[in-house]
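Asker: Protein chains in written order, with our numbering: chain A, 10 to 411; chain B, 10 to 411.
All residues carry an ideal CB built from backbone N, CA and C; glycine is no exception.
The model shown is predicted, which means the values in this text are computed figures rather than measured ones.
The following block contains the structure, expressed as structure tokens.
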């Protein structure tokens, strides 16, 4: 039995509230040998005080050495085994631009590319990284393509990337990508990997043929590729598994989208951390579980901006008292993965986690940071274990066996 | 999906270099209550200085309580799940004497035994532990046996042990052993456990019948048994999985053999640690991954010689600066398993591991030893997790999921 299925069977109702505060890409590294990590460098008196009353540790998002994308890292935080439950790339790309994906839609990530006009082989898989405005104009052009029996959506993402969504009856995933992953070869036809997907493959091939004609007089983006064709994975929904009313507060479309796939109510909120806190306050009485997402730690890490990441963490620390004043019964603070400014990308490192509830045994950790949490009482755990721990502390899990 | 398969899918190329330094049987125990372990007693200023810049921990070779043989312990270090990938005993025995095993060969471990001349039942399963020289003479005698359509090799190992290898088309494993595992019973016929192995079983039974005749006038080794009949397990090869040029530097045939099965290039080297370091230097530019094996820590542990094991560790410490001067990007120092002098055999204990790279968060450990590493930032991991961590630190793994 899947661990999630076991948790579902043990779940009981309660009036307790759980807050999962995720600073995206929280984990860091010393920028210089002997120096502090971002979280260690940040002045975080409120988190430190909470850590002193909490049990802390280090958590691995997926498995040792594996740097996760945002999809699997968040699924793990929500209690889904990220190696079993996967969200396809096309779906994530659609969620990332806030596209209102329906359960039967097929979504693909599109990449504009440059083709040799004579031979049709790819000469640049990213079409010289055309600006997003150019991509937006090309997407508008591609919206002219019609396919029998389905609705077609084409939306720009960023630079050479776009999203293609087909909507209609009987669309199936199980489709190969057109991108040959190297220059000097032409885009490949889409093949079905399951017989049920044959018609969908044929529709995508028709779309590709028409796109090629429409783009023929463009340059450098005179072609395109489709990757990661996928449907909503039909995850078990958190309200069913955990018997909680679950809400997500996140400013970025991707995280709002993943939360929606997991069955959370995605609350309207503003752009700032203060907006998110106000949203939390406004809906506090309506939900049992809140996923509260902070994006800018990750963005700063991706930019290699150690100091900006420190400042985002300090900003979160300043709003923490307002959050705690709402009186959650269980608080988890962690990140989805590490994004060390030194590495400038998602990384594989374990990252600090703090678990507070009336029903934990506090350890000796008095600072929320990598080195301190390495010595924490939670030891080294996996993200997927956090929800069961939170549920247990919230009095929402009954005994296993007699 | 197997974790190794997942790693293979995430592997990208890089110019970074990984060094895996394995002191065989490194892990130890206090010889007297309150005393130090072998590694703690050793004066290791270079390892300690490296530990201070590294992340350390304790690693379990296979699973708690399981003392591994050299085969599974090394497979785990190389990233293979040792419970899934097994090297048959016959193959390990052949590798241990440096036999040049071919992929289609069937290798068996042979044991000379004493039979009751009247009844044919076994009276001593080890033939009174006859000296190796006697075994060598008997093996020469057994080389007279010919079988239809296959080449036959018989090689002495040590005392009553020998290796039998059949080479030819269509040989298959899936064979029962002849050893009834108790005295008072005769050697058993070889049975196939799969239909494809029927001919191989028949050939081995012919060989056993002829061996019995040839040994009839010998004593005490007037019979023999065959165990662990096996073929090269056809492991996925490290250069394919990890996209690295992989080299092994080891003085003992067994480790050279296991490295070869894993797809490494086994470099010619001499008998001493200094020879091994020279080999490393000479080939540094040609490979991305080096498995550097030190045997004598294990031999000293097996002999129960605490002080000699300390001295071998100190010897390794003295050559460490020369190794580090080559500029590896990632260094792992550990053992394949513990061989505490107190236990005089391979044991099940966790053993210290040190991971250095520019991209780790150093912990507070400043001494490379059991007690210090128990408090290390890596926590308690498994050998099989070391290669993914090394690959990640080396920038050789891409993100999982989007």
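Do you know how far the Cα of residue 47(A) is from the Cα of residue 392(B)?
Answerer: Distance between the alpha carbons of residue 392(B) and residue 47(A) is about 30 Å.
Asker: Where do the N-terminal and C-terminal ends of the beta strand (DSSP E) with residue 141(A) fall, by residue?
Answerer: No beta strand (DSSP E) contains residue 141(A), which is instead part of the alpha helix (DSSP H) from 141 to 151.
Asker: Name the DSSP beta bridge partners of residue 248(A), please?
Answerer: According to DSSP, which records beta bridges pairwise, residue 248(A) is partnered with nothing at all.
Asker: Which bits of chain A does residue 62(B) rub up against, with CB to CB less than 8 Å?
Answerer: Under the 8 Å cutoff, chain A gives 42.
Asker: What does residue 398(B) touch in chain A if you count any residue whose Cβ is under 9 Å from its own?
Answerer: The answer, in chain order, is 73, 74 and 357.
Asker: Quick check: is the beta carbon of residue 81(A) nearer than 7 Å to any beta carbon in chain B?
Answerer: Closer than 7 Å to some Cβ of chain B, the Cβ of residue 81(A) qualifies, so yes.
Asker: Establish whether the CB of residue 382(B) and some CB of chain A are separated by less than 7 Å.
Answerer: It does not: the Cβ of residue 382(B) has no partner Cβ on chain A nearer than 7 Å.
Asker: Looking at the structure shown, is residue 326(A) part of a helix, part of a strand, or coil, going by DSSP?
Answerer: Helix.
Asker: Taking Cβ-Cβ distances shorter than 7 Å, what residues in chain B pair up with residue 352(A)?
Answerer: Per Cβ cutoff of 7 Å: 368.
Asker: For residue 336(A), return the contacting residues in chain B, with the cut-off set at a CB-CB distance below 7 Å.
Answerer: Within chain B, no residue comes near residue 336(A); the closest Cβ sits about 33 Å away, beyond 7 Å.
Asker: Of all the CB atoms in chain B, is at least one closer than 7 Å to the CB of residue 52(A)?
Answerer: No, its Cβ sits nowhere closer than 7 Å to a Cβ of chain B.
Asker: Determine, using beta carbons only, whether residue 394(B) comes closer than 7 Å to chain A.
Answerer: It does: the Cβ of residue 394(B) has a partner Cβ on chain A nearer than 7 Å.
Asker: Compute the Euclidean distance between the alpha carbons of residue 309(A) and residue 98(A), then round it to the nearest angstrom.
Answerer: When rounded, the distance between both Cα atoms is 24 Å.
Asker: Any beta carbon of chain A sitting closer than 7 Å to that of residue 26(B)?
Answerer: So no, residue 26(B) is outside the interface.
Asker: Mind listing the chain B neighbours of residue 17(A)? Cutoff is C-beta to C-beta under 8 Å, in chain order.
Answerer: None at all; the shortest Cβ gap to chain B is about 24 Å.
Asker: From the DSSP secondary-structure annotation, give me the bridge partner or partners of residue 107(A).
Answerer: Answer is none; residue 107(A) lacks a bridge partner.
Asker: Express the C-alpha separation of residue 11(A) and residue 323(A) in angstroms, rounding to a whole number.
Answerer: The alpha-carbon atoms of residue 323(A) and residue 11(A) are separated by roughly 38 Å.
Asker: For residue 68(B), is the classification buried or exposed, using 16 other Cβ atoms within 10 angstroms of its Cβ as the cut-off for buried?
Answerer: Buried, since its Cβ has 16 or more Cβ neighbours within 10 Å.
Asker: Go ahead and label residue 251(A) buried or exposed: buried means 16 or more other beta carbons lie within 10 angstroms of its beta carbon, across all protein chains shown.
Answerer: When all chains shown are included, residue 251(A) counts as buried.
Asker: Might you give, ordered along the chain, the residues of its own chain that have their beta carbon closer than 8 Å to the beta carbon of residue 240(B), omitting 5 neighbours on each side?
Answerer: So the qualifying residues of the chain are 97, 100, 112, 113, 114, 115, 116, 180, 181 and 182.
Asker: Quick one: grab the DSSP three-state call for residue 231(A).
Answerer: Residue 231(A): coil per DSSP, three-state reduction.
Asker: Just grab the DSSP bridge partners of residue 359(B) for me.
Answerer: The partner list for residue 359(B) (beta bridge, DSSP) is empty, contrary to what the question assumes.
Asker: What is the rounded straight-line gap between the Cα of residue 176(A) and the Cα of residue 238(A)?
Answerer: The straight-line gap from Cα to Cα measures roughly 13 Å.
Asker: Less than 7 Å separating the beta-carbons of residue 278(A) and residue 311(A)?
Answerer: Cβ distance not < 7 Å, so residue 278(A) and residue 311(A) don't count as in contact.
Asker: Taking the alpha carbon of residue 326(B) as the point to measure from, which residue in 316(B), 369(B) and 377(B) has its own alpha carbon closest?
Answerer: Among 316(B), 369(B) and 377(B), the Cα nearest to that of residue 326(B) belongs to 377(B).
Asker: Examine chain B for any beta-carbon lying closer than 7 Å to the beta-carbon of residue 379(A), and answer yes or no.
Answerer: Cβ-Cβ to chain B under 7 Å: yes for residue 379(A).
Asker: If we count Cβ pairs, one from each stretch, closer than 8 Å, do we get three or more for the region 75 to 93 of chain A versus the region 396 to 405 of chain A?
Answerer: Segments in contact, yes.
Asker: Over what stretch of residues does the alpha helix (DSSP H) that includes residue 209(A) continue unbroken?
Answerer: Start and end: 207 to 224.
Asker: With H, G and I counted as helix, E and B as strand and the rest as coil, what does DSSP make of residue 52(B)?
Answerer: Coil at residue 52(B), not helix or strand.
Asker: To the nearest whole angstrom, what separates the beta carbons of residue 32(A) and residue 351(A), a pair I think is in contact under 8 Å?
Answerer: Not quite, the Cβ-Cβ distance comes to about 17 Å (not below 8 Å), so this is no contact.
Asker: From the DSSP output, in three-state form, read off residue 400(A) for me.
Answerer: Helix at residue 400(A).
Asker: Would you list the residues sitting across from residue 65(B) in a DSSP beta bridge?
Answerer: Answer by DSSP bridge pairing, in chain order: 363(B).
Asker: May I ask you to report which of helix, strand or coil DSSP gives residue 276(A)?
Answerer: Coil, per DSSP.
Asker: For residue 142(B), count the other beta carbons within 10 Å of its own beta carbon; 16 or more makes it buried, fewer makes it exposed. Which is it?
Answerer: Looking at its Cβ environment, which holds fewer than 16 other Cβ atoms inside 10 Å, residue 142(B) is exposed.
Asker: Please return the same chain residues whose Cβ sits closer than 7 Å to the Cβ of residue 83(A), not counting the five positions on each side in sequence.
Answerer: 264, 267 and 345.
Asker: Can you tell which of 13(A), 19(A) and 14(A) has its C-alpha closest to the C-alpha of residue 411(A)?
Answerer: For the residues 13(A), 19(A) and 14(A), the minimum Cα distance to residue 411(A) belongs to 19(A).
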